[in-house]
Ligand SMILES: NC(=O)c1ccc[n+]([C@@H]2O[C@H](COP(=O)([O-])OP(=O)(O)OC[C@H]3O[C@@H](n4cnc5c(N)ncnc54)[C@H](OP(=O)(O)O)[C@@H]3O)[C@@H](O)[C@H]2O)c1
């Protein structure tokens with residue numbers, strides 16, 4: 348397995364991780380718990396050690412599933428989880444945020460228990476809490492490192508200014524934000540450059556565009572009724588149809604190269620720099636194996652340019668989140 352370093356002072360981890368979110372939540376189309384567990388085990392066999400979860404996936408069921416699957420295999424895993432997005436059981440679509448120290452101290456105990464471990468390898472703040480100074484939040488996270496409950500710290504969807512402030516309180520090892528051919532914000536908002544400058548790993552989430560960039564999704568009507576993508580503007584109505592025309596161009600490039608569109612999309616992310624560690628998500632072994640094989644796909648400068656040309660920001664139809672969730676991004 349190829350490896351990459353998690354920030355300048357962090358360990359080597361597999362060059363791609365496994366995003367586990369869809370195993371118990373969000374991408375409910377085709378849910379199959381047994382296959383999800385088999386996928387986790389296959390990932391470890393293939394040498395993928397970076398597993399990505401969050402307490403809000405489920406909520407809680409994702410960490411529970413991973414905890415069961417890795418029992419007796421703790422030494423093979425680099426476990427990442429997150430706190431800070433608060434779900435409302437009465438309204439599954441609603442999202443709150445909480446970055447208060449007492450909430451963090453309580454959240455880590457729940458995550459450790461569900462995952463069945465004494466120490467979490469990487470703990471992210473999932474979304475910034477505008478009512479709490481980042482110094483206060485990261486100070487509380489740093490206390491967890493001192494207490495031996497967490498090894499490395501990360502932020503998700505933080506701005507450059509927030510990242511810089513946080514990094515002064517305690518080294519931040521990873522910034523996890525959406526980045527893919529059709530979500531290019533980190534290029535424009537300075538996050539990629541800041542990570543490179545500060546020696547922080549950039550962990551692109553949804554590197555396959557929530558599955559869209561693989562070309563496997565043909566119609567929004569194919570999603571299960573509670574599949575999260577039904578709420579995402581890019582997956583709705585005319586937007587879906589317009590974006591499909593772009594993906595068909597990626598598929599044509601992929602066919603000419605003898606690879607899949609998903610492999611091309613992952614190879615493009617991997618080619619942006621060694622400090623990027625994408626975490627493609629899947630609950631199926633066949634997809635996992637295709638995604639791991641993307642590590643062997645090398646792109647020429649002209650292939651990179653051709654891919655970028657297909658997806659300038661102006662070409663993508665629809666925002667990456669619904670309006671309420673866009674407001675929770677720290678920009
Ligand atoms: N920090 C955050 O705010 C945040 C937000 C979103 C996600 N994440 C993390 O990032 C991880 C990855 O992102 P993601 O899961 O949202 O999106 P993704 O990796 O872009 O795409 C996942 C989707 O693509 C499908 N897929 C995967 N490999 C495929 C292949 N080779 N061919 C065809 N389809 C394929 C999966 O299908 P199946 O489900 O059928 O396997 C799944 O529906 C998540 O699991 C989660 O851990 C973090």
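Residue numbers (the working numbering): 348 to 678. Quick reminder that beta carbons are idealized off the backbone N, C-alpha and C, glycines included.
Subject >> Buried versus exposed, by CB contacts within 10 Å (16 or more), residue 445 >> reply: buried
**OP:** Give me the Cβ distance between residue 607 and residue 637, rounded to the nearest whole Å; I'm assuming they're in contact under 8 Å.
**Re:** 6 Å
**OP:** May I ask you to check if the CB of residue 629 is nearer than 6 Å to at least one heavy atom of ligand 1?
**Re:** yes
Subject >> Contact check, residue 611 vs residue 549, beta carbons under 7 Å >> reply: no
Original post:
With burial defined as no fewer than 16 other Cβ atoms inside 10 Å of the residue's Cβ, what is the status of residue 620: buried or exposed?
Top reply: Classification of residue 620: exposed, given that the 10 Å Cβ count is below 16.
**OP:** Go ahead and pull the three-state DSSP assignment for residue 444.
**Re:** strand
Original post:
With DSSP run on the structure shown, which of helix, strand or coil describes residue 492?
Top reply: helix
**OP:** Please indicate yes or no: does the CB of residue 557 lie closer than 6 Å to some heavy atom of ligand 1?
**Re:** yes
Original post:
Quick one, which of 544, 454 and 594 has its alpha-carbon nearest residue 522's?
Top reply: 544
**OP:** May I ask you to check if the CB of residue 521 is nearer than 6 Å to at least one heavy atom of ligand 1?
**Re:** no
**OP:** Count the other C-beta atoms from every protein chain shown that fall within 10 angstroms of the C-beta of residue 477, then say buried if there are 16 or more, exposed otherwise.
**Re:** By the neighbour-count rule (16 or more Cβ atoms within 10 Å), residue 477 is not buried but exposed.
Subject >> 7 Å Cβ cutoff met for residue 537 and residue 507 >> reply: yes
Original post:
DSSP beta-bridge partners for residue 350?
Top reply: DSSP lists 361 as the bridge partner or partners of residue 350.
Subject >> Alpha-carbon spacing of residue 590 relative to residue 401, whole angstroms >> reply: 29 Å
**OP:** Going by CA-CA distance only, name the one from 564, 488 and 426 that's closest to residue 449.
**Re:** Closest option to residue 449, Cα to Cα, is 488.
Original post:
Measuring CA to CA, which of 468, 358, 355 and 456 is closest to residue 399?
Top reply: 468
**OP:** Using only the heavy atoms of ligand 1, determine whether one of them is closer than 6 Å to the beta carbon of residue 638.
**Re:** yes
**OP:** State yes or no: is the C-beta of residue 411 within less than 7 Å of the C-beta of residue 461?
**Re:** A Cβ-Cβ contact shorter than 7 Å links residue 411 with residue 461.
Original post:
What does a CB cutoff of less than 6 Å around residue 365 pick up in its chain, not counting 5 residues either side in sequence?
Top reply: 390, 395 and 398
**OP:** Note the first and the last residue of the continuous alpha helix (DSSP H) segment covering residue 426.
**Re:** Taken as a continuous stretch (DSSP letters only), residue 426 belongs to no alpha helix (DSSP H), being part of the beta strand (DSSP E) at 425-430.
Original post:
Between the region 574-581 and the region 647-659, do three or more beta carbon pairs fall short of 8 Å?
Top reply: no
**OP:** Could you give the DSSP three-state label for residue 525: helix, strand or coil?
**Re:** strand
Original post:
So which of 435, 429, 436 and 441 has the shortest CA-CA distance to residue 454?
Top reply: That would be 429, whose Cα lies nearest to the Cα of residue 454.
Original post:
If you follow the beta strand (DSSP E) that residue 634 is part of, which residue opens it and which one closes it?
Top reply: Run containing residue 634: none in the beta strand (DSSP E); it sits in the alpha helix (DSSP H), 632-640.
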